[in-house]
Amino acid sequence: MFFAVWAMYPHGTSCLPRLLRHEAFGYGKGPMNTLKSVVTASLLVAMSVPALAQSTGKSSTTSQTTTKHRAAARKTAPKQDATAAQIQALRQEMQAQIDELKQQLADRDAKLQATQTSVQTAQEQTAETNAKLQSIVAESQSNKESLDTLQSKVTDMVATTSGLSNTLITTQANLRESVESPTTLHYKGITITPVAFFAFETVWRSRSLASDVNTPFNSTPYMGAGMAHVSELNFSGRQSRVGALFEGNTGPFKLSGYVEADFLSAGATSNENQSNSYTLRQRQIWGQAATQGGFAVTGGQMWSLVTETKKSTDNRTENLPMTIDAQYHVGFSWARQPAIRFQQKIGKWTAAASLEQAEYIYSASNSPNNFFIGSAGTGGGLYNLTANYSNNVAPDVVVKGTYDGKLGHFEAGGIARWFRDRYYPNGVGGTGSSAGAVNDTKTGGGFFANIRMPATKYLDVGVHMMTGTGVGRYGTSTLPDITVHPDGTLAPIKSDQGLISLEAHPMPKLDIFGYAGGEYAQRTTYRNASGVLVGYAPVSGNNAGCNVETLPTAAGNGLAGSAPYGPGTPANCLGATRAVIEGTAGITYRLYSNPRFGRLQYQVQYSYLTREAWTGQGGAPKGTNNMVFTGMRYYIP
């Protein structure tokens with residue numbers, strides 16, 4: 324059949340076979356192209372039959388219409404019928420194939436449609452999934468941010484919780500510590516801070532002063548005194564101290580009270596024979612009101628404003644020498660006495676003024692007896708019956724300014740004093756009349772300054788000076804303030820005081836200190852009508868016996884100072900003090916120090932003391948003393 328088709332296709336020999344070979348049998352590019360190829364081949368076959376017939380007809384017309392050819396045509400007719408039958412069979416077969424291909428195509432279209440539907444469904448599902456995924460991603464991002472925030476909050480909470488836990492632990496520990504080891508006691512709204520140390524101290528002097536650890540510097544004996552030839556060694560616990568600070572904070576202002584006492588006092592029954600029963604002594608007792616603006620008023624017994632302080636003019640910051648000697652050191656200016664103090668702080672500056680109890684120290688030679696400045700204490704007035712008290716006309720007035728800066732602590736101030744006596748112009752010599760008696764007041768005063776600054780990390784240097792008239796009692800040697808004129812009126816004595824301090828701290832437990840100080844009282848004399856010099860340290864004074872030792876008191880009457888407790892005292896010895904000079908070196912070693920249990924420290928001090936007299940008839944006597952102090956103190960925390 325294929326060869327018949329081939330013979331009937333007059334245009335080439337390659338197209339139809341290719342068509343049948345490829346297109347009719349499904350070797351095309353797809354089901355649709357295959358179907359088209361089969362249909363095309365069928366049409367070509369169908370069209371080739373008439374063409375074949377026409378071609379045969381033309382051949383018969385042009386050729387000779389002979390019987391031979393007709394006979395040939397009649398012979399080929401059966402062949403044509405067979406060809407047509409073959410074509411018809413081919414056509415049927417091809418139709419069957421076409422139907423099958425159509426069915427396959429329909430199946431494929433159905434599958435394709437199903438696939439497309441599945442793809443569309445998948446795409447829709449994918450889109451939905453993508454939308455959900457994006458929503459999930461967004462939600463995840465939001466959740467991540469929320470998680471990060473939560474983690475941050477958790478971290479902060481953990482840190483806060485840890486901090487709170489640590490704070491709670493610390494608070495519990497502090498609470499336990501405050502309960503078991505309180506630094507202060509509480510009474511209503513008041514906090515009470517105990518202050519105390521307990522001391523064992525010794526003093527050895529090469530020349531006896533019959534004194535405890537408190538040295539009367541101006542009593543150092545000249546060589547004519549029996550005491551100048553014997554030493555003394557005394558033990559003491561009397562400088563032990565007890566006290567307390569009371570504080571109440573009301574908000575607008577703070578209230579404070581302070582009391583401090585030791586046992587460096589002697590009552591009528593005090594002795595060292597057996598019980599050593601010395602009396603409790605008031606050192607300080609004062610109250611204070613301070614505002615938040617830096618103003619404070621303090622009243623009671625306290626250190627004088629003259630005394631150097633470590634900070635501002637604040638009470639309880641007094642900068643005392645580190646000595647064991649309870650009289651401190653020559654050249655150190657101070658007093659403890661009743662006073663009322665006002666102070667105002669302005670930044671690093673402080674201005675202060677104080678009204679303080681006055682008292683006079685008097686000394687004179689060849690003085691008239693027509694005046695008085697006070698009297699012995701009256702029993703009912705609770706003053707000491709064996710002590711003298713001056714009749715004060717006004718309190719001592721002290722003003723001071725301080726500055727606290729990087730370079731150190733600086734002070735400058737002044738003092739004004741008034742001295743009054745009652746004298747009798749018509750009563751000279753104890754005779755005459757009291758008519759014309761007059762009260763006379765003289766004025767004294769002076770200037771003082773303190774500098775305290777670190778020279779190095781381990782060394783502090785201090786300089787103190789005070790100069791004026793009538794200020795002798797503010798020096799630790801208590802040189803005289805006043806003397807007298809020949810007519811009975813008072814005359815202030817010029818005096819000077821100075822101290823240089825070196826305090827080293829080479830180790831936390833060790834302090835090394837050194838001091839050099841001196842005090843001076845000027846000769847102050849006036850000639851009376853008889854030509855006799857009256858006043859303090861007249862050049863005509865007799866010093867001839869100051870260095871000549873005398874016999875002790877011969878008789879004893881059982882009273883203090885009688886034999887055998889009556890050493891000889893120099894005769895013919897005025898010995899008015901010109902200057903007292905002292906040099907000191909010592910150490911303080913803190914063996915143990917703990918804020919909970921307190922401090923245990925040891926001290927050793929060596930001092931060399933000189934007392935020089937004004938020159939008089941017979942020269943200028945001089946007394947010296949070597950002193951060694953030791954101390955052990957336990958301070959409560």
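Numbered by the numbering used here, the letters in the sequence shown go through residues 324 to 960 in order. A virtual CB, placed ideally from N, CA and C, is assigned to each residue, including glycine.
Item	Value
Distance between beta carbons of Lys765 and Tyr814, contact taken as under 8 angstroms	In the sequence as displayed, the identity of residue 814 is Ala instead of Tyr. Going by Cβ atoms, the distance from Ala814 to Lys765 rounds to 7 angstroms, so yes, they are a contact pair.
Alpha carbon of Met417 to alpha carbon of Gln448, nearest angstrom	44 angstroms
Where Ala687 falls: helix, strand or coil (DSSP)	coil
For Arg530, three-class secondary structure by DSSP	coil
Inter-residue Cα distance where the pair is Gly655 and Gly547	According to the sequence provided, residue 655 is Phe. The question's Gly does not apply to it. One C-alpha to the other measures close to 29 angstroms.
Rounded C-alpha distance that separates Gln611 from Leu578	6 angstroms
Burial state of Met645 (16 or more Cβ within 10 Å)	buried
Whole-Å CB distance - Glu570 paired with Ile513, under 8 angstroms assumed	7 angstroms
CB of Lys832 within 8 angstroms of CB of Tyr912, strictly	yes
Given Val761 as reference, the closest of Asp744, Ile774, Thr754, Gln660 once Cα atoms are compared	Asp744
Where Phe326 falls, given that 16 or more other Cβ within 10 Å makes a residue buried	Low confidence applies here, because Phe326 scores a pLDDT of 39, under 50, leaving its location unreliable; read the following figure in that light. Answer is exposed; the Cβ neighbour count stays below 16.
Within 8 angstroms, strictly: CB atoms of Phe586 and Arg561	yes
Closer than 7 angstroms: Gln597 CB and nearest the ligand ZN heavy atom	The ligand ZN is not part of the structure shown, which contains no ligands of any sort.
Test item: CB-CB of Gly791 and Gly821 under 8 angstroms	no
Beta-carbon proximity check, Thr900 vs Asn541, cutoff 8 angstroms	yes
Distance CB(Thr543)-CB(Asn865) smaller than 8 angstroms	no
Buried or exposed (CB count within 10 angstroms, at least 16 for buried), Phe836	buried
Extent of the continuous beta strand (DSSP E) run through Arg743	731-746
Beta strand (DSSP E) segment containing Phe665, residue limits	659-669
Local conformation of Phe576 per DSSP, three classes	strand
Beta-carbon gap between Ala908 and Glu935 smaller than 8 angstroms	no
DSSP three-state assignment for Glu423, whether helix, strand or coil	helix
At least 3 beta-carbon pairs within less than 8 angstroms: the stretch 591-605 vs the stretch 731-747	no
Ala519 to Val565 span [Cα, whole Å]	4 angstroms
Residues near Ser365 in its chain [Cβ-Cβ closer than 8 angstroms; skip 5 each side]	Note that Ser365 has pLDDT 49, beneath the 50 cutoff, so the model's placement of it is unreliable and the number below is only indicative. These residues qualify, in order along the chain: Arg414, Met417, Gln418, Ile421.
8 angstroms Cβ cutoff met for Ser690 and Leu897	no
DSSP state of Asn489 mapped onto helix, strand, coil	helix
Met830 burial status per 10 Å Cβ neighbour count (16 or more: buried)	exposed
Those residues which DSSP pairs with Ile696 across a bridge	Paired residues: none, contrary to the question.
Val862 and Thr938 closer than 8 angstroms at C-beta	yes
According to DSSP, residues forming a beta bridge with Asp834	Thr911
Exposure of Ala844, with buried meaning 16 or more beta-carbon neighbours within 10 Å	buried
Residue burial classification, Glu468 (beta-carbon count within 10 angstroms, cutoff 16)	exposed
The stretch 707-727 in contact with the stretch 664-682 per 3-pair CB rule at 8 angstroms	yes
Straight-line Cα distance separating Asp727 from Ile774	10 angstroms
Same chain, Cβ closer than 8 angstroms to Gly868, five either side skipped, listed in chain order	Gly547, Pro893, Ala894, Asn895, Cys896, Gly941
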